[in-house]
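Residue numbers (this note's numbering): 85 to 885.
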């Protein structure tokens, strides 16, 4: 990634359900031809199951049935679309209206599959759902394995459940039993594998996760074998020799790992695990190869826990097809802190549940739902080769309540630090401050740390924990103090520690400043306090006008769009006369999307004219020239000029001009976007509010999907590493982004054309050319979505240089 965005631009069902309600509504059923779609089996004993036998049967009770025939090809398209929708849920999940819209789409889909409203109600209150998916081979039925059942079923019943939990699990049903399903012994043998191949090992460490696994499974010496950054051959040797009951994989799946390594093939590789090869270089291991390697022992693992992104659709079911008893994986991306919390709770509950995976899954979910922040739980997937709901039936309600009560009693016990000789066996504190603190990051209420967590390795309550953090900037000190009780296994303090930003120095200084960050964690009452952590870290505070173009801070670019800068109103005032001329209307004004005419051949023409008027005002009245950015003395940072500076000096970089145009568009309520390429940036705008709404809802998720011919094609169509933030589309979203551009709903503008005195439509053509090389696309940032997510303009003073 080049350090600066300074580029000057390019030159040139008929579901035959027995209930009439299934086909009486307005929603059209999916096309029918072959019988490969799910059926719904209502169990009067425990819950609802979704089953996919070869001869599809729809059963409303154990003795009443009807056939449901649905086209497999059609469901491949549906599965690809919904996979993309769920992977991009951060784009729409921050707004309740879009969440409700997605829930309605999920309800419509279930209706298309033949589920009546009455049956949906029974499903909603079942408590548990088991999706049973047949296995023939890797190429057959892949659409049913990648489909996000967890999200669709919970979303489609949310209006009925009113907060009542619904647990969704999956069962793989081979045509014939591969091997007997292994069971978990009371004291399982564990193989723990952690992999950070290549240069990833310099940044990432999984020792803390290892401690969580060992402590919650209560492993004694010799029971748990740890492999640190092994090759696949070394893993195979360990599987043969150790014959583990549980295999736990930590590290990176192939997509995330290659993305972090900035490998250009990250978007095209299929699901797998990133390991090192014999030469020490990172190498992705495919799902099928990994599954064979983890199950080649005479004794198959009863459980494989995949604390890796993108492992639910291929890696987990392939493990079961090779003989593993169960697998826990993630549909796509998942918050690392929450994943660790779930894993720890799940392992700890297994001991109380006597190997009942369904019960352990439920108990771990209780801990997740107790968390104060929003949990994207649809990403958690538990697969099994045995009927989990049958197992749950054998554990009576009273037994389940008794086990839950025992866990609660255990957690209620107060730990006394004075009686603990070795604190490291009870609690771990991980502190990794940011090397450089960007003002935009702090302004948007983000933390000062890459990691700041307290992990409790023993059940019980830790009372009177004290956290003290002090950030020193010049003569100012920004303190944070907090005392609290820790009942959960982990608290992520990076979500809690915040410092005030009231100092004029922190907003107006011209250069980076080296300063210090003091961190202290204590435990116990006054006079008996035990020190858990104390250290002072060096931190660099960047100037307020400096933007870091790296994976962590690039997302804050919308904060540098400054519509309230005085120069923006000045530009719009000049643009007024150009708009009147273009519309041939002396009363014409900037009204955003209000003047759009739905009855016109081109309803968005009035929006184009407003943008064109702004372009003309900057081009003819302010006469800008191109200039390099001010020195930033950093490989990944760039100083950004304010609109007042750009107009005052009549010059700017591609990034300066991009943000200037975006601010003008936001000022007149036309929704701007920012395109980032390798070493270049330029703006764009949405031609209608409706187009932007469809973008937010991922309503056009079929973009790039069509009707996939095979799993690899579907993989490319639905692939995205998942949006880290609602407003930020990563490079894997290029197919969706380019489709909006080709459809004419999103218009790119080569802003540097302002400095070459080129016309508006020439700039549009150049913007289109910019987007053609897919490999150069880095990201698309949507300013309106960023504002809705709380990313506000920086309070940068005029004249900062």
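Positions of the beta carbon are idealized from the N, C-alpha and C atoms, including for glycine.
Sequence-distant partners of residue 501 (beyond 5 residues in either direction) whose C-beta falls short of 6 Å from its own C-beta, in its chain, are 607, 608, 614. Here residue 533 has 515, 516, 517, 518, 577, 578, 581 as same chain residues with Cβ atoms under 8 Å from its own Cβ, once five neighbours each way along the sequence are excluded. Residue 226 and residue 212 have their C-alpha atoms spaced approximately 24 Å apart.
Looking at the DSSP output, residue 621 shares a beta bridge with 601.
The beta carbon of residue 667 sits closer than 8 Å to the beta carbons of 690, 693 from its chain, once the five residues preceding and following it are set aside; these are given in chain order. Under the three-state reduction of DSSP output, residue 862 falls in the strand class.
By alpha-carbon distance to residue 549, the top candidate from 538, 567, 449 is 567.
Only exposed fits residue 209, as fewer than 16 other CB atoms lie within 10 angstroms of its CB. Scanning the region 542-573 for uninterrupted beta strand (DSSP E) segments of 3 residues or longer gives 546-557, 560-570, listed from N- to C-terminal end. Judged by beta-carbon spacing, residue 684 lies beyond the 8 Å limit of residue 766, meaning their Cβ atoms are not closer than that value.
Partner residues in the beta bridge of residue 391, as assigned by DSSP, are 334. Going by DSSP, residue 403 is part of no beta strand (DSSP E) but of the alpha helix (DSSP H) stretching over 399-405. One thing to note: residue 639 has its Cβ no nearer than 8 Å to the Cβ of residue 752. Under the DSSP assignment, residue 846 falls outside any beta strand (DSSP E), being part of the alpha helix (DSSP H) whose first and last residues are 844-854. With respect to the C-alpha of residue 431, the residue from 697, 298, 316, 344 having the closest C-alpha is 298. Of 697, 686, 646, the smallest CA-CA separation from residue 727 is found for 646. Between residue 406 and residue 453, the CB-CB gap reaches or exceeds 8 Å. DSSP places residue 877 in the coil class of the three-state scheme, outside both helix and strand. If you check the CB distance, residue 313 and residue 281 come in under 8 Å.
Around the beta carbon of residue 509, fewer than 16 other beta carbons lie within 10 angstroms, which makes this residue exposed.
The beta strand (DSSP E) runs lying completely inside the region 241-302 and spanning 3 residues or more are 251-258, 274-278, given in chain order. Proximity of the region 381-388 to the region 323-331 meets the contact definition, three or more beta-carbon pairs being nearer than 8 Å. A distance below 8 Å separates the beta carbons of residue 403 and residue 378. Here residue 670 is exposed: its Cβ has fewer than 16 other Cβ atoms, across all protein chains shown, within 10 Å.
Here the region 750-764 makes contact with the region 859-879; the two share three or more CB pairs at distances below 8 Å. Rounded to the nearest angstrom, the gap between the Cα atoms of residue 290 and residue 699 is 52 Å. By the neighbour-count criterion, in which a residue is buried when 16 or more other Cβ atoms sit within 10 angstroms of its Cβ, residue 529 is exposed. Inter-segment contact for the region 443-451 and the region 177-193 is absent: fewer than three beta-carbon pairs are separated by less than 8 Å. Inter-residue distance for residue 778 and residue 687 is about 16 Å (C-alpha atoms, whole angstroms).
Taking 8 Å as the cut-off, the Cβ atoms of residue 424 and residue 296 count as close.
As computed with DSSP, residue 722 is found in a beta bridge with 631. Taken through DSSP and simplified to helix, strand or coil, residue 467 comes out as strand.
For residue 312, the uninterrupted beta strand (DSSP E) segment begins and ends at 308-312.
Your pair residue 230 and residue 254 does not check out as a contact, with CB atoms roughly 12 Å apart and the cut at 8 Å. DSSP places residue 370 within a strand segment (E or B) once states are collapsed to three. When rounded, the separation of the alpha-carbon atoms in residue 808 and residue 418 is 10 Å.
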